[in-house]
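Participant:
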Amino acid sequence: NAGVTQTPKFRILKIGQSMTLQCAQDMNHNYMYWYRQDPGMGLKLIYYSVGAGITDKGEVPNGYNVSRSTTEDFPLRLELAAPSQTSVYFCASNLRSRGEKLFFGSGTQLSVL
Amino acid sequence: QQPVQSPQAVILREGEDAVINCSSSKALYSVHWYRQKHGEAPIFLMILLKGGEQKGHDKISASFNEKKQQSSLYLTASQLSYSGTYFCGTEYLASGNTPLVFGKGTRLSVIA
C-alpha cells in the first residue's frame, strides 16, 4: 500500500516558469487536499476536492490551479511561478471530510528563484 | 479563524512533562493533533470529537474542553523521540465539510 504519493520531492523553478505537482492516492479516498507550509508556519490550505470533478478553493488559492479527473489523482498546477510560492507543498487525503485523520504525502520542496 | 496554539516553543529535559494548548474562537466539531519532524510530513496522533473526551496512547494524551473550545495535548515522561513540531487542526461545528484549519505549531525540543 503506497498511500499518498507526491512527485517530485524537490524542484527549483525560475520566476515565470510553470509546473505541475503530482499527487496520487491508492486508498480510494474521496477527499484530497493541497497544503503549503512556509518556514515556521502551519499548513495553509490551497485547494481541496470532495470527489472526481469537484474542487474548491482554500485559504490561499491565488497563483494555483487544480483538477480532479479521477478519484486517485489530484495535480496542482503553478502558473507563472513567483518567489512567494517558495514553500513545501503537502498533498493529503481522507475518506470522509469530518472527523477523519489526514494521510499526508511526503511533500515537495519548491524553490522559485 | 486559525486556532491559536501555546506555547510557541518549549524545551524539555528527558523525563519532564509538557502541555500544549489549542484554542478556538469558534465552536468546534473536532480537534486533530499531528507531530512533524524536520523535513518530514506530519504524522497523525489523535482526533478528539466534541463531547469533552480524553484520548491517549503511550505517554501522549489529549483532552477536549467543549465549554472553553480548547484542546490540550499532554506529553508525560518525555523522550528524545518526542522532539518535533506539534500542530493542532480544527473542524468547526458550523462549517459543514470545510477542511481542517491548522494552528501555527508548537516546537518541542527534548534534550538529554
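Top to bottom, those sequences are chains A and B.
Numbers given in my numbering equal positions in the first sequence, counted from 1, plus 72.
Numbers given in my numbering equal positions in the second sequence, counted from 1, plus 88.
Ideal Cβ positions, reconstructed from N, Cα and C, are used throughout, including at glycine.
Taking A/Met-99 as the reference, give the member of A/Gly-130, A/Gly-112, A/Leu-167 with the closest Cα.
Facilitator: Looking from the CA of A/Met-99, the closest CA among A/Gly-130, A/Gly-112, A/Leu-167 belongs to A/Leu-167.
Participant: Closer than 7 Å by C-beta to A/Lys-116: which residues in its own chain qualify, once you throw out the five before and the five after it? Chain order, please.
Facilitator: Tyr-107, Arg-108, Glu-131, Val-132
Participant: Identify which residue in B/Ala-200, B/Gly-193, B/Val-189 has its Cα closest to the Cα of B/Pro-95.
Facilitator: B/Gly-193
Participant: Decide if A/Leu-185 is buried, meaning its Cβ has at least 16 other Cβ atoms within 10 Å, or exposed.
Facilitator: exposed
Participant: For a cutoff of 9 Å on Cβ pairs, would you count B/Val-198 as touching chain A?
Facilitator: So, not an interface residue.
Participant: Shorter than 9 Å from the beta carbon of B/Ser-118 to some beta carbon of chain A?
Facilitator: yes
Participant: Report yes if the C-beta distance between A/Thr-180 and A/Lys-81 is below 9 Å; otherwise report no.
Facilitator: yes
Participant: Is DSSP giving B/Leu-168 helix, strand or coil here?
Facilitator: helix
Participant: Return yes when at least one heavy atom of the ligand NAP lies under 8 Å from the C-beta of B/Ser-151, else no.
Facilitator: With respect to the ligand NAP, the structure offers nothing, as it holds no ligand at all.
Participant: Can you grab the Cα-Cα spacing for the pair A/Pro-147 / B/Thr-164, in whole Å?
Facilitator: 40 Å
Participant: Is the beta carbon of B/Pro-187 closer than 9 Å to that of A/Tyr-161?
Facilitator: no
Participant: In the DSSP assignment, what residue or residues form a beta bridge with B/His-120?
Facilitator: B/Ile-135, B/Gly-177
Participant: Identify each residue in the stretch 105 to 121 of chain A for which the Cβ-Cβ distance to at least one residue of chain B is less than 7 Å, and report them in chain order.
Facilitator: Tyr-105, Met-113, Gly-114, Leu-115, Leu-117, Tyr-120
Participant: When you compare the CB of A/Arg-83 with every CB in chain B, is at least one pair closer than 9 Å?
Facilitator: Interface residue (Cβ-Cβ distance to chain B less than 9 Å): A/Arg-83 is not classified as such.
Participant: So is B/Ile-131 in contact with chain A if we call contact Cβ pairs under 9 Å?
Facilitator: yes
Participant: By Cβ distance, which residues of its chain are closer than 6 Å to B/Gln-124, with the 5 residues on each side in sequence left out?
Facilitator: Pro-130, Gly-172, Thr-173
Participant: Could you tell me if A/Gly-88 is buried or exposed, where buried requires 16 or more neighbouring beta carbons within 10 angstroms of its beta carbon?
Facilitator: exposed
Participant: Taking 9 Å as the threshold (beta carbon to beta carbon), is B/Gln-188 in contact with chain A?
Facilitator: One detail in the question is off: residue 188 of chain B reads as Leu in this sequence, not Gln. Closer than 9 Å: yes.
Participant: In this structure, does DSSP put B/Gln-90 in helix, strand or coil?
Facilitator: coil
Participant: With distance defined between alpha-carbon atoms, name the residue in B/Met-134, B/Lys-156, B/Gly-177, B/Phe-152 nearest to B/Asp-146.
Facilitator: Closest in alpha carbon position to B/Asp-146, among B/Met-134, B/Lys-156, B/Gly-177, B/Phe-152, is B/Met-134.
Participant: Where do the N-terminal and C-terminal ends of the beta strand (DSSP E) with A/Leu-182 fall, by residue?
Facilitator: 180 to 184
Participant: Answer with yes or no whether the minimum CB distance from A/Tyr-136 to chain B is below 9 Å.
Facilitator: no
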